[in-house]
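Q:
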Amino acid sequence: MVLMVDRALRETREAFDSVAAEYDRTNAENRLLSAMRRQVLDVVQRSAAPGAHLLDLGCGPGCDAESLARKGFRVTGIDWSGAMVEEARSRVVRSALGDRVEVAQLGIQELDRLPAFGFDAAYSNFGPLNCVPDLNDAAHQIGRRLRHRGVLVASVIGRVCPWEIALYTCRGNLARACVRFANGFVPVPLKGRTVWTHYYTPREFEAAFHAAGFRRQSLRALGLLAPPPYMEAFAGRHPSLVSTLLNVDGFVGVWPGLRSWGDHFLMVLERV
Numbered sequence: 448m449v450l451m452v453d454r455a456l457r458e459t460r461e462a463f464d465s466v467a468a469e470y471d472r473t474n475a476e477n478r479l480l481s482a483m484r485r486q487v488l489d490v491v492q493r494s495a496a497p498g499a500h501l502l503d504l505g506c507g508p509g510c511d512a513e514s515l516a517r518k519g520f521r522v523t524g525i526d527w528s529g530a531m532v533e534e535a536r537s538r539v540v541r542s543a544l545g546d547r548v549e550v551a552q553l554g555i556q557e558l559d560r561l562p563a564f565g566f567d568a569a570y571s572n573f574g575p576l577n578c579v580p581d582l583n584d585a586a587h588q589i590g591r592r593l594r595h596r597g598v599l600v601a602s603v604i605g606r607v608c609p610w611e612i613a614l615y616t617c618r619g620n621l622a623r624a625c626v627r628f629a630n631g632f633v634p635v636p637l638k639g640r641t642v643w644t645h646y647y648t649p650r651e652f653e654a655a656f657h658a659a660g661f662r663r664q665s666l667r668a669l670g671l672l673a674p675p676p677y678m679e680a681f682a683g684r685h686p687s688l689v690s691t692l693l694n695v696d697g698f699v700g701v702w703p704g705l706r707s708w709g710d711h712f713l714m715v716l717e718r719v
């Protein structure tokens with residue numbers, strides 16, 4: 448088991464190292480991803496007090512940290528990928544935000560190396576928490592980093608993505624259509640490498656954090672009716688349809704019964 452975890456962490460880090468140089472550009476050009484990012488950052492800004500010290504869990508090349516720093520927040524970003532950390536540090540220098548943003552190469556599984564109760568809020572965007580080997584331990588470690596009543600805003604890759612199920616079922620690839628229903632780590636390809644991913648329902652995710660002293664404040668779907676970001680080519684061919692679906696998502700994504708579905712779900716949890 449230990450060897451499997453070590454392998455998963457190593458291969459996931461290598462996968463993100465390999466795409467770090469182009470990650471920011473390709474994400475910025477992806478309309479679907481950008482729409483999801485705006486929603487997450489909006490919620491972070493509403494959930495944290497002005498000027499709060501934020502912990503970015505899986506900061507990647509630092510685009511979220513930069514955006515929030517420009518809004519007046521202080522941000523400490525961590526990432527397991529050394530190449531992503533270098534990209535983020537370069538961004539901080541280019542943006543002249545060194546007084547507001549700090550970046551460290553650190554995995555979420557290594558949070559005990561950060562000071563206890565040092566942050567007002569934390570956020571994790573586009574699934575870094577799906578890649579941790581032990582979500583229960585991560586939940587406790589995040590809780591120990593947050594001050595009382597601190598919040599976590601988490602964008603998590605969910606189990607039930609209607610577009611993905613329909614797409615691969617129509618192609619006759621039932622194994623791929625059902626991949627998110629597997630338990631434990633699942634190998635997900637990324638440019639010829641592997642990201643080891645654990646999919647969650649909102650109930651599964653919330654249970655881990657409830658045991659760590661959090662309570663849920665809100666839940667919504669991301670990418671429910673709109674296609675997932677990897678279908679950007681489809682979005683480019685059908686811009687009007689996708690605009691409509693994104694707008695409708697803004698309303699129906701909070702409906703009970705539907706908010707647990709989607710490519711991702713967005714959950715806000717408070718440490719109590």
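So for the sequence shown, my numbering puts the first residue at 448; every next one is plus one. We treat Cβ as the ideally placed atom computed from N, Cα and C, and that holds for glycine.
So, tyrosine 647 versus valine 603, is the Cβ gap smaller than 9 Å?
A: Counted from its first residue, the sequence shown places residue 647 at position 200. Counted from its first residue, the sequence shown places residue 603 at position 156. Contact: yes.
Q: Does histidine 500 come out as helix, strand or coil in the three-state DSSP assignment?
A: Position 53 of the sequence shown, counting from 1, holds the residue named residue 500. Histidine 500 falls in the strand class under three-state DSSP.
Q: Can you tell me whether proline 686 is helix, strand or coil according to DSSP?
A: Here residue 686 is taken as the residue at index 239 of the sequence shown, counted from 1. Three-state DSSP puts proline 686 in a helix.
Q: Going by alpha carbons, who is nearest to glutamine 664 out of Ser687, Asn694, Val642 and Val600?
A: Start at 1 with the first residue of the sequence shown, and residue 664 comes out as number 217. Ranked by Cα distance from glutamine 664, the options Ser687, Asn694, Val642 and Val600 are led by Val600.
Q: For the beta strand (DSSP E) containing proline 674, list its first residue and its last residue.
A: Reading the sequence shown from its first residue, position 227 is the one you call residue 674. Element bounds for proline 674: n/a, residue is neither H nor E.
Q: Could you please give me the residues that DSSP links to glutamate 549 through a beta bridge?
A: Here residue 549 refers to the residue found at position 102 when the sequence shown is read from its first residue. DSSP output for glutamate 549 lists Thr523 as bridge partner(s).
Q: Would arginine 718 and valine 598 be called neighbours here (beta carbons separated by less than 9 Å)?
A: As a working mapping, residue 718 is identified with position 271 in the sequence shown. As a working mapping, residue 598 is identified with position 151 in the sequence shown. Arginine 718 is a Cβ neighbour of valine 598, given a cutoff of 9 Å.
Q: Using 8 Å for Cβ pairs, my map puts glycine 670 next to methionine 451. What's the rounded Cβ distance?
A: On the sequence shown, residue 670 is found 223 positions in, with the first residue counted as 1. On the sequence shown, residue 451 is found 4 positions in, with the first residue counted as 1. Going by Cβ atoms, the distance from glycine 670 to methionine 451 rounds to 30 Å, so no, they are not a contact pair.
Q: Using the rule of at least 16 other Cβ atoms within 10 Å of the residue's Cβ for burial, across every protein chain shown, is arginine 547 buried or exposed?
A: Your numbering for residue 547 matches position 100 in the sequence shown. Per the 10 Å Cβ criterion, buried.
Q: In its own chain, which residues sit with a C-beta less than 8 Å from the C-beta of leucine 621, not counting the 5 before and 5 after it?
A: As a first step, residue 621 must be located in the sequence shown, where it is residue number 174. Cβ within range, chain order: Tyr615.
Q: Could you tell me the boundaries of the beta strand (DSSP E) in which glycine 597 lies?
A: Here residue 597 refers to the residue found at position 150 when the sequence shown is read from its first residue. Note, glycine 597: beta strand (DSSP E), 593-604.
Q: The beta strand (DSSP E) spanning tyrosine 570 covers which residue range?
A: To locate residue 570, count along the sequence shown from 1; it is residue 123. Start and end: 566-571.
Q: Does the distance from the CB of leucine 705 to the CB of alanine 668 come in under 9 Å?
A: By 1-based counting over the sequence shown, the position of residue 705 is 258. By 1-based counting over the sequence shown, the position of residue 668 is 221. Cβ distance < 9 Å, so leucine 705 and alanine 668 count as in contact.
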